[in-house]
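In what follows, a single structure is set out as structure tokens and then discussed.
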Amino acid sequence: MPTSPVTDDTFQKTVLESPIPVVVNFWAPWCGPCRMLAPTLEEIADENTTTFTVKKLNIDENPVAAMTYKIMGVPTTMLIVNGQEVTRTTGAKPKATLLADITKHIP
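In terms of the working numbering, the numbers along the sequence shown are unbroken and rise by one, the last being 129.
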């Protein structure tokens with residue numbers, strides 16, 4: 023399943039109330055590293071459809087979630103399990119590094 027967008031209005035239901043872990047990528051259209059990371063996130067989403075979902079949140083259009091989670095730089099990729107932040111990483115990371123950080127925290 024490819025990545026899908028999430029907004030301030032849908033964050034509670036699609037992320038915090040999700041029955042499976044959710045990887046949230048906080049990004050901005052003007053961010054070069056965000057554009058570099060996008061294909062990697064698509065691959066991760068396509069390869070892990072039953073383990074977790076991947077959502078993308080544009081911080082320019084959705085400032086509430088970005089402020090709530092104190093996003094100081096983009097891209098920031100966060101894993102949320104049972105409504106709680108478990109881990110986060112900032113910057114464009116290689117696929118193996120990002121995936122290892124995500125999967126080691128999934129129950």
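In this text, a Cβ means the ideal position worked out from N, Cα and C, and glycines have one as well.
Query                                                                                                                     : Result
When the Cα of Ile102 is compared with those of Glu65, Ala114, Thr73, which residue comes out closest?                    : Thr73
Provide the residue span of the beta strand (DSSP E) that contains Val86, from first to last.                             : No beta strand (DSSP E) holds Val86; the alpha helix (DSSP H) holding it covers 85-90.
Give me the DSSP bridge partner(s) of Pro27.                                                                              : Lys78
Quick check on the burial criterion: 16 or more other C-beta atoms within 10 angstroms. Buried or exposed for Val86?      : exposed
Is it the case that the Cβ atoms of Ala114 and Leu59 are separated by a distance below 8 Å?                               : yes
Considering only DSSP beta bridges, list what Leu101 is partnered with.                                                   : Val45, Thr109
Hey, quick one: how far does the alpha helix (DSSP H) through Ile66 stretch, first residue to last?                       : 54-69
Going by other Cβ atoms of all chains shown within 10 Å of its Cβ, with 16 needed for buried, is Leu38 buried or exposed? : exposed
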